[in-house]
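>
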Amino acid sequence: MDKRDYYEILNISRDAGEEEIKRAYRKFAMQYHPDRNPGNKEAEEKFKEASEAYEVLRDSEKRQIYDQYGHEGLQGTGFRGFSGFDDIFSSFGDIFEDFFSFGSGSRRRNR
Numbered sequence: 034m035d036k037r038d039y040y041e042i043l044n045i046s047r048d049a050g051e052e053e054i055k056r057a058y059r060k061f062a063m064q065y066h067p068d069r070n071p072g073n074k075e076a077e078e079k080f081k082e083a084s085e086a087y088e089v090l091r092d093s094e095k096r097q098i099y100d101q102y103g104h105e106g107l108q109g110t111g112f113r114g115f116s117g118f119d120d121i122f123s124s125f126g127d128i129f130e131d132f133f134s135f136g137s138g139s140r141r142r143n144r
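When the sequence shown is numbered by my numbering, its final residue is 144 and no position is left out of the sequence of numbers.
#1: Please tell me whether residue 40 and residue 47 are closer than 7 Å, where the distance is taken between their beta carbons.
#2: Leaving out five residues on either side along the sequence, give the residues of the same chain with a beta carbon under 6 Å from the beta carbon of residue 82.
#3: Indicate the three-state DSSP secondary structure (helix, strand or coil) for residue 1 in the structure shown.
#4: Residue 83 by DSSP, collapsed to three states: which one?
#5: Starting from residue 93, trace the alpha helix (DSSP H) in both directions and tell me its first and last residue.
#6: On the DSSP letters alone, give me the boundaries of the alpha helix (DSSP H) that residue 42 sits inside.
#7: Rounded to a whole number of angstroms, what is the C-alpha to C-alpha distance between residue 68 and residue 78?
#8: Does residue 91 pass the burial test, meaning 16 or more other C-beta atoms within 10 Å, or should it be called exposed?
Shown next, in the form of structure tokens:
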């Protein structure tokens, strides 16, 4: 199942400030907190969802990544062309390896 939009979860606009985000989360948390809804799985899930949204939106770095790449960006796959940072250079690895080993190898032979 796809995750819902964090702004939608907290019912705030994309340009909401820190205080507005905090107020929205507190309101949501008060309504769906597990202590106020013992045994209510739906309320528990809504509380978890709101907590996750708040955790991202209150952190300026996480929020920027989320705004730019969505949920995938937060999982480290913001750029879909490569699977990770190391993968960016993997296709060039042999070229660089040959280039740099050639230079160091020739120095060793000359000594």
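Glycine is no exception: its CB is placed at the ideal position from the N, C-alpha and C atoms.
Per the coordinate set shown:
#1: Their beta carbons are under 7 Å apart, which means residue 40 touches residue 47 by this criterion.
#2: If we look at residue 82 and ignore the five residues flanking it on each side, its Cβ neighbours are 42.
#3: Coverage of the chain is limited to positions 34 through 144, which leaves residue 1 absent and any answer about it impossible.
#4: DSSP, read as helix, strand or coil, puts residue 83 in helix.
#5: From DSSP, the alpha helix (DSSP H) with residue 93 extends over 93 to 102.
#6: Looking at the DSSP string, the run of the alpha helix (DSSP H) that includes residue 42 is 39 to 43.
#7: When rounded, the distance between both Cα atoms is 13 Å.
#8: With fewer than 16 other beta carbons inside 10 angstroms of its own, residue 91 counts as exposed.
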